[in-house]
Amino acid sequence: DQQVKQNSPSLSVQEGRISILNCDYTNSMFDYFLWYKKYPAEGPTFLISISSIKDKNEDGRFTVFLNKSAKHLSLHIVPSQPGDSAVYFCAASAEGSNYKLTFGKGTLLTVNP
Amino acid sequence: DVKVTQSSRYLVKRTGEKVFLECVQDMDHENMFWYRQDPGLGLRLIYFSYDVKMKEKGDIPEGYSVSREKKERFSLILESASTNQTSMYLCASSLAGYSGYTFGSGTRLTVV
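Residue numbers (this note's numbering), protein chains in the order written: chain A, 33 to 145; chain B, 2 to 113.
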């Protein structure tokens, strides 16, 4: 049973426009959510996170929104740049899980110049 | 910066070989993890450890074992490599009480 779902395997946007990556989860015990970015042949790197006590967290061009009632979060990238082209993974953890992260399958973002 | 180092970037092994993947972190993190990444399947947890000599199975532990004799080192062992273990293997570490991971660069293992 997939607890963290990224339903869009890929997304293509034009440089300068907004990229919106979506993530849904089923486990109501999740209380901390993260986004990671991964380039080919490299390990994922942490991008931004949000606690379940918040509904928005912003860091420069990146903003994560959390809708707990819908069990949905999204990552907004504005403006999108070609260097943002990568696979983006949504991840979640639950208190008491030894801080084990459960990852989605990832979304490949392509930003076209 | 926290550094997580995986001993090999690329590895080619034969079916039936015993394979060791090594991971070392230099920031005194309590938690260490092994994931594999496959196209269309995302990151799947193989094993993790939250203390020296402690280990817990993840979602796909079959065919693997781990060893954590020292806090900074977490080894993944493929007891008898098979072609379906061809994958990208990623090691990660984190502080106790903090959910964010730092990943290594990964080991691309091919079993022929």
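Quick reminder that beta carbons are idealized off the backbone N, C-alpha and C, glycines included. Please read these numbers as outputs of a predicted model, since none were measured by experiment.
Answer yes if the segment 98–112 of chain B comes into contact with the segment 47–59 of chain B, meaning at least three C-beta pairs across the two stretches below 8 Å, and no otherwise. no
For residue 77 of chain B versus residue 22 of chain B, is the C-beta distance shorter than 8 Å? In the second sequence, residue 77 of chain B corresponds to position 76, counting from 1. In the second sequence, residue 22 of chain B corresponds to position 21, counting from 1. Yes, they are a contact pair.
Is there a Cβ of chain A sitting closer than 8 Å to that of residue 90 of chain B, yes or no? Within the second sequence, the letter at position 89 stands for residue 90 of chain B. Not closer than 8 Å to any Cβ of chain A, the Cβ of residue 90 of chain B fails to qualify, so no.
Partners in chain B for residue 74 of chain A, counting only beta-carbon separations shorter than 8 Å: Position 42 of the first sequence, counting from 1, holds the residue named residue 74 of chain A. Chain B residues near residue 74 of chain A: 106, 107.
Report yes if the CB atom of residue 91 of chain B is closer than 8 Å to the CB atom of residue 14 of chain B, and no otherwise. The sequence position of residue 91 of chain B within the second sequence is 90, counting from 1. The sequence position of residue 14 of chain B within the second sequence is 13, counting from 1. Not in contact: residue 91 of chain B and residue 14 of chain B (Cβ atoms no closer than 8 Å).
Does residue 49 of chain B get closer than 8 Å to chain A when you measure Cβ to Cβ? Against the second sequence, residue 49 of chain B aligns to sequence position 48. Chain A, which has a Cβ nearer than 8 Å to the Cβ of residue 49 of chain B, makes this yes.
Within the continuous beta strand (DSSP E) that includes residue 45 of chain B, where are the two ends? The sequence position of residue 45 of chain B within the second sequence is 44, counting from 1. Residues 43–50.
State the beta-bridge partners of residue 89 of chain B as determined by DSSP. What you label residue 89 of chain B is simply residue 88 of the second sequence in a count that begins at 1. B:38, B:109.
Kindly list, in the order they appear in chain B, the residues whose Cβ is closer than 8 Å to that of residue 42 of chain A. The sequence position of residue 42 of chain A within the first sequence is 10, counting from 1. Neighbours of residue 42 of chain A on chain B: none; closest Cβ ~11 Å, over 8 Å.
Within the 8 Å Cβ cut-off, does residue 44 of chain B reach chain A? Looking up residue 44 of chain B in the second sequence gives position 43. At least one chain A Cβ lies under 8 Å of residue 44 of chain B.
With DSSP as the reference, please indicate the residues paired to residue 16 of chain A in a beta bridge. The structure shown does not extend to residue 16 of chain A, since chain A is modelled only from 33 to 145, so the question has no answer here.
For residue 20 of chain B, which residues of its own chain have a beta-carbon under 6 Å away from its beta-carbon, when the five flanking residues on both sides are left out? Start at 1 with the first residue of the second sequence, and residue 20 of chain B comes out as number 19. Excluding residues within five positions, the ones whose Cβ falls inside 6 Å are 14, 79, 82.
Among the candidates A:34, A:98, A:94, whose CA atom is the shortest distance from the CA of residue 80 of chain A? What you label residue 80 of chain A is simply residue 48 of the first sequence in a count that begins at 1. If we check each option's Cα against that of residue 80 of chain A, A:94 comes out closest.
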